[in-house]
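A short worksheet on the structure shown next.
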Amino acid sequence: MKKRADFLRAARGIRRVEGAVTLETCPTPEAEALPGRLRIGFTASKKIGNAVARNRAKRRLRAAASQVLPLLGRGGHDYVLVARGTCVARPFPALLSDITTALKAAHKKLDANAGEGHA
RNA sequence: UCAGAUGGCCGGGUGACCGCGGGUCUCGCAAGAGGUUCGAGGAAAGUCCGGGCUCCACGGAAAAACGGUGCCGGAUAACGUCCGGCGGGGGCGACCCCAGGGAUAGCGCCACAGAAAUGACACCGCCUAAGACCCUAAAGGUCCGGCAAGGUUGAAAUGGUGCGGUAAGAGCGCACCGCGUUCCUGGCAACAGGAGCGGCUAGGCAAGCCCCACCGGGAGCAAGACCAAAUAGGGACGGCACGUAGGCUUUUUCGGCCAGCCGUCCGGGUCGGUCGCGUGAGGUGUGGGGUAACCCGCAUCCCAGAGGAAUGGUCACCCCUUCAGCAAUGAAGGACAGAACCCGGCUUAUAGGCCAUCUGACAUU
RNA sequence: CGGAGCGUAGCUCAGCCUGGUAGAGCAUUAGCUUUGGGAGCUAAGGGCCGUUGGUUCGAAUCCAGCCGCUCCGA
Numbered sequence: 119m120k121k122r123a124d125f126l127r128a129a130r131g132i133r134r135v136e137g138a139v140t141l142e143t144c145p146t147p148e149a150e151a152l153p154g155r156l157r158i159g160f161t162a163s164k165k166i167g168n169a170v171a172r173n174r175a176k177r178r179l180r181a182a183a184s185q186v187l188p189l190l191g192r193g194g195h196d197y198v199l200v201a202r203g204t205c206v207a208r209p210f211p212a213l214l215s216d217i218t219t220a221l222k223a224a225h226k227k228l229d230a231n232a233g234e235g236h237a
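One rule links them: number in the working numbering = place in the first sequence (from 1) + 118.
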């Protein structure tokens, strides 16, 4: 994801804080959606540090997401990973587990919401 | 062995996989794909100095104002930097620290204390020799005076110590030290040493104002150069409208100028783009000069560069640190920090480690 | 990129230029006043002057280096 509007829409969706990351997700809008495709974005604010630290945080998140999301991600959804303060110092396996648990929790909540909607 | 001093260097290593930015080659109409190569630092930081580069101003320049520098010599493109000396201070020593010109150009300040804080002074004191007086046998007392040794204060008191000298004293005289000055010797010089003279007249503060010498024109890569949309506006040429409507020429007539529409061309500027932009006060090796900073010759290499964004991630083994453990081993961690026009310095941050030279103490031979 | 200014008591500021004693208001504490509180009056406590060096006999003050903050110009 590149556009600011996409990030804002995801921020209004489901939020889940876990360890060194914040996960935000929502369904991809109809106009942008392709069957089976999920979209992902990364955010690192100035709280993380200078440009080097921010970029490193985003790179680590990108590396971790490329391992986790092909297994657990759902098509037709947008995901935003926000780096938190300890993201650069966090061990890589811990980062992976953070994203995994955040994803599972978010999906559970998503299913519950969908159930209510249908009922 | 312990404790130090100085100078220099490194700032994790190797391999595998997956990525990112620039250049280049191939394929492709293009989007892009693939190959190949390069891709952070000693401080890239703070922006405290100096320079290159670019534009502006200017007759070479000089002066005023303002700011800066401040022992001497050298290095350098230049510097407030560096090197070597000198002087002062600290340390047993290796060595370290110093904004270190001028206080007889002038102004100003020196709290409290103290008699007195600078055209020095006389509180406690010291002395009665000479002069006058009282009493007189003498001693003594008073006046007129002389003195600054001793005491007290303070950061600092017109130099210090000793001897002579004296009524008591005083550079009053002498010796040594300090200070000033003249000459001689050594040194490029700062300065050092020696001799003579002055007798002390010259307290401290210039990181108070100031004086003297030297330096500085101003701005900064968002500098600056080039290419160049749409729209609005400007100019030139041609055509249309053609004597009606508008403005100016004080008013009216005449006349003149401006103003309308269309087309072509031109130039300026905005959005945007390109260059500036890395062959350089360059790196490495080597030979030479110099005590050194540094300089010269030869060979060789091309070595980041963007839009603010790239220069990384993961794993394995090794290295180091901490913790646990008898050990095997296990766990946790790996400094300060990230180019943006460039270079020379300064300053500040920095886990840990390596090398060289030197000093002191102790022990052994 | 270039320049200017400010850090002093819990808070807001003087004092710095021209160096020797850090002070004011609010706040705090105690007492008086009031039936009690507020207001008022009186008194007290509270500061290594941002930090590290230097100059000086002596530094909040002068000088330099850092740290933090604010403002201005391009």
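The beta-carbon is built from N, C-alpha and C at its ideal position, and this holds for glycine as well. Remember, it's a predicted structure, so these values are computed and weren't measured experimentally.
* Asked: Can you tell which of A171, L187, G193 has its C-alpha closest to the C-alpha of R208?
  -> Here residue 208 is taken as the residue at index 90 of the first sequence, counted from 1. Closest by alpha carbon: A171.
* Within 7 Å, strictly: CB atoms of T146 and G194 -> In the first sequence, the residue the question calls residue 146 occupies position 28. In the first sequence, the residue the question calls residue 194 occupies position 76. It is a contact, given that the beta carbons lie within the stated cut-off.
* Kindly indicate the opening and closing residues of the beta strand (DSSP E) around L199. => One-based indexing of the first sequence puts residue 199 at position 81. Element bounds for L199: 195-201.
* To do: Would you mind stating whether D229 and E136 have Cβ atoms separated by less than 7 Å?
  => Translated into positions along the first sequence, residue 229 becomes position 111. Translated into positions along the first sequence, residue 136 becomes position 18. Contact: no.
* **C-alpha distance - E148 paired with I158, whole-angstrom precision** => Taking the first residue of the first sequence as 1, we reach residue 148 at position 30. Taking the first residue of the first sequence as 1, we reach residue 158 at position 40. Straight across, the Cα-Cα distance linking E148 with I158 is about 16 Å.
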